[in-house]
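Colleague: Have a look at this one before I ask anything.
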Amino acid sequence: RAAMRAARWAFTHPGALRTGQRLASRTRRLHPRTLPGPGKAWSGSRDLPSVPAEPFRDWWQRTQGGKGDAK
């Protein structure tokens with residue numbers, strides 16, 4: 007319930023959501039590759055995609071939504 011309230015608040019405050027996404031993006035390489043505790047066996051048997059060098063939001067802005075130059 008608290009998570010849903012937090013999500014509702016974030017989605018109604020676009021600036022806060024954007025800031026949170028940027029912070030999460032900056033720390034994405036610190037995220038664990040496997041889950042702790044009981045989830046370890048499940049996540050240990052799955053291949054997670056590698057983290058892209060450029061965050062999606064930056065790519066989207068640079069390429070005008072995929073329509074511009076994707077250099």
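Numbers in the numbering used here are just positions in the sequence shown, counted from 1, shifted up by 6.
We put the beta carbon where it would ideally sit given N, CA and C, even for glycine.
Just so it is clear, the structure is predicted and the values come from calculations on it, not from any experiment.
Thinking leucine 41 and serine 49 are a contact (beta carbons under 8 Å), I'd like their distance in whole angstroms, please.
Modeller: Right, their Cβ atoms sit about 4 Å apart.
Colleague: Do you know offhand how far lysine 73's Cα is from proline 44's?
Modeller: Going by the C-alpha atoms only, they are around 43 Å apart.
Colleague: Where alanine 22 and aspartate 64 are concerned, what is the direct C-alpha to C-alpha distance, given to the nearest angstrom?
Modeller: If you take the alpha carbons of alanine 22 and aspartate 64, they lie about 17 Å apart.
Colleague: Valine 57 and arginine 39: beta carbons closer than 8 Å?
Modeller: In this structure, arginine 39 does not lie closer than 8 Å to valine 57 by Cβ.
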